[in-house]
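As structure tokens, the structure follows; a few thoughts come after it.
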């Protein structure tokens, strides 16, 4: 079987489409489109709803990035809504405590809490490219939180995994049902989160970054041993960035620039472009091996060079040059996996939910919102679950991504777009920490090299490189020929089945035909989600 058995057809529409990992959230976005809103309005409404329906993955205590395609301007714009480390962040203190890397969880996890950028990002996107108010687009999320919602199957599984961290502190009970994770089919209410969202809907971002909520958030993080202050929250701003891109066989693929890891996907595409992927079978050991090696080389560069470009020079242009891709491509042996993957030295050049929205006018928003792995810290009485994005910082003072106050960390969440001949073609993304650039590489190859339709490109079986162990994880259903072929090339292979297949990423794609305006929407079959349109 070369496809995940999704039994889904591509959703076709003309007036608008939304694709994301939870059907009720997709409908929240569709409500905005039907009410006359545009793609950005629908994207924020969907993201807010996901923060209620899938709170272990995303929410107002996390970060966001988005790419926007304003149809009249025919260009891609990038919004970085990620937060920075607190001004008092102290790498030396962490090393003195015995840490070699920043903690993902445990008693010191508060030191990995960075400023939540989501709310500012939502309002910034709406004010610049939306047509609705924050109050209007938050209405569905508030209703779900206040009136309750039924927990879906795969989200229930993920919630169970997150429950251990929530149980560690009394305020975690705000996201538990009778002291445990809610089960599939149970109704969940989040009244404290509803009240907080109502405060934000009335007062905008100022209600989150100033006043009562900010004071509660800072006091709680400090009580847990972290550095976050009210001054850090007040100082936060989102930034508009110039998106980065590369050409892959006539298709321009767009990503947000560093501090996001979209660069890794573009590096891998540049390397893969030098191979005749189309001549390989889509589900062959040869193709798997080629893309895996391209991705391993790209991660080596990404993990070395990606940092906050406002505090550290990042050689983006040099890394994205086709000449550099040719240098890196030469390391790939078609019959042998690289035993050691090192980063290159380019010559100087002149964590999550994902959603995709395209409206009937051709405006598009590729949007991602995340808590990373989730700290398990919930600000008491607010329903604000805090991210642990600071865990991505390095404690090595010689590394570009070294922990410093007011610095943004290496960020895993990456929305994407693709254009052809100056027109929007794909609004897409594949959430899932370090799986995201791997998903982008595979989805673009599926679409460009094998002409798969939107849903097929998501259904196709994927690989996932575990960066900690360099193990190649494959989905159950992949052929024995592929497994054997990779093992013969000395890859360490692990086959994954069941709910754990969600680790292969949560992809959403909306393709647009520029001539007819027809939208072709697909949603990740490994999640609870849906693509909807009208």
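Numbering (the working numbering), first residue to last: 115 to 648.
All residues carry an ideal CB built from backbone N, CA and C; glycine is no exception.
As the structure is a prediction and not an experimental result, all values here were calculated from the model.
Hey, out of 190, 198, 184 and 157, whose CA is closest to residue 175's CA?
Position 61 of the chain shown holds residue 175. Of 190, 198, 184 and 157, the residue nearest in Cα terms is 198.
Tell me whether residue 479 is buried or exposed, calling it buried when 16 or more other Cβ atoms sit within 10 Å of its Cβ.
On the chain shown, residue 479 is found 365 positions in, with the first residue counted as 1. It is buried - the Cβ of residue 479 has at least 16 other Cβ atoms within 10 Å.
Would you mind working out which of 188, 331, 508 and 343 sits nearest residue 531, comparing C-alpha positions?
What you label residue 531 is simply residue 417 of the chain shown in a count that begins at 1. That would be 188, whose Cα lies nearest to the Cα of residue 531.
In whole angstroms, what is the alpha-carbon distance linking residue 162 and residue 173?
Residue numbering aside, residue 162 sits at position 48 when the chain shown is read from its first letter. Residue numbering aside, residue 173 sits at position 59 when the chain shown is read from its first letter. Distance between the alpha carbons of residue 162 and residue 173: 7 Å.
Measuring only the C-alpha atoms, how far is residue 638 from residue 289?
Locating residue 638 in the chain shown gives position 524, counting from the first residue. Locating residue 289 in the chain shown gives position 175, counting from the first residue. Approximately 25 Å between the Cα atoms of the pair.
Compare the C-alpha of residue 298 against each of 647, 642 and 648 and name the closest.
If you number the chain shown from 1, residue 298 lands on position 184. Checking every option, the nearest Cα to that of residue 298 belongs to 642.
Please classify residue 121: is it buried, with 16 or more other beta-carbons within 10 angstroms of its beta-carbon, or exposed?
The residue labelled residue 121 in the question sits at position 7 within the chain shown. With fewer than 16 other Cβ atoms within 10 Å, it is exposed.
Rounded C-beta distance between residue 234 and residue 352? I'm assuming under 8 Å.
Position 120 of the chain shown holds residue 234. Position 238 of the chain shown holds residue 352. That pair is a contact at about 5 Å.
Under the three-state reduction of DSSP, which class applies to residue 618: helix, strand or coil?
Here the question's residue 618 lines up with position 504 in the chain shown. It is helical.
Taking only the alpha-carbon atoms, compute the straight-line gap between residue 464 and residue 436 and give it to the nearest angstrom.
As a position in the chain shown, residue 464 is number 350, starting the count at 1. As a position in the chain shown, residue 436 is number 322, starting the count at 1. With a pLDDT of only 41 at residue 464, under the threshold of 50, the placement of this residue in the model should not be trusted; the figure read from the coordinates follows. The alpha-carbon atoms of residue 464 and residue 436 are separated by roughly 14 Å.
Considering only residues of the same chain and omitting the five flanking positions on each side of residue 277, which have a CB-CB separation below 7 Å?
Walking along the chain shown from the start, residue 277 turns up at place 163. The residues are 290, 294 and 295.
By Cβ distance below 6 Å, which residues in the same chain neighbour residue 451 in space, the five residues on each side in sequence not counted?
Along the chain shown, read from residue 1 onward, the residue named residue 451 stands at position 337. Excluding positions up to five away in sequence, the list reads 603, 604 and 605.
Tell me which same chain residues have a C-beta within less than 6 Å of the C-beta of residue 270, skipping the five on either side of it?
Numbered from its first residue, the chain shown carries residue 270 at position 156. So the list reads 297 and 298, once near-sequence residues are dropped.
Considering Cα atoms alone, identify which of 545, 330 and 338 is closest to residue 345.
The residue given as residue 345 occupies position 231 in the chain shown. Checked all of 545, 330 and 338; the closest Cα to residue 345 is 330.
So, is residue 328 buried or exposed, given that buried needs 16 or more other C-beta atoms within 10 angstroms?
Taking the first residue of the chain shown as position 1, residue 328 is located at position 214. When all chains shown are included, residue 328 counts as buried.
Nearest to residue 184 by CA position, among 538, 226, 403 and 256, is which residue?
Counting from one through the chain shown, the residue named residue 184 turns up at place 70. Ranking 538, 226, 403 and 256 by Cα distance to residue 184 puts 538 first.
What does DSSP give as the partner residue(s) for residue 649 in the beta ladder?
Lying before the first or after the last residue shown, residue 649 is absent from the chain, which here runs from 115 to 648.
Give the straight-line distance between the Cα atoms of residue 599 and residue 593, rounded to the nearest whole angstrom.
Within the chain shown, residue 599 is the residue found at index 485, counting from 1. Within the chain shown, residue 593 is the residue found at index 479, counting from 1. Each residue's Cα considered, the two are about 10 Å apart.
What number of angstroms, rounded off, separates the C-alpha of residue 497 from the C-alpha of residue 569?
Along the chain shown, one-based indexing puts residue 497 at 383. Along the chain shown, one-based indexing puts residue 569 at 455. Going from the Cα of residue 497 to the Cα of residue 569 covers about 35 Å.
Can you look up residue 236 in the DSSP assignment and give me helix, strand or coil?
Start at 1 with the first residue of the chain shown, and residue 236 comes out as number 122. Correct three-state label for residue 236: helix.
Runs of 3 residues minimum, wholly inside the segment 126-153: which ones carry the beta strand (DSSP E) assignment?
Listed in chain order, they are 130-134.
State the Cα-Cα distance for the pair residue 284 and residue 470, rounded to the nearest angstrom.
As a working mapping, residue 284 is identified with position 170 in the chain shown. As a working mapping, residue 470 is identified with position 356 in the chain shown. Near 35 Å, if we compare the C-alpha coordinates of residue 470 and residue 284.
Near residue 148, what residues of its chain come up, given a Cβ to Cβ distance below 7 Å and the 5 sequence neighbours on each side ignored?
Here residue 148 refers to the residue found at position 34 when the chain shown is read from its first residue. Same-chain partners within the cutoff: 648.
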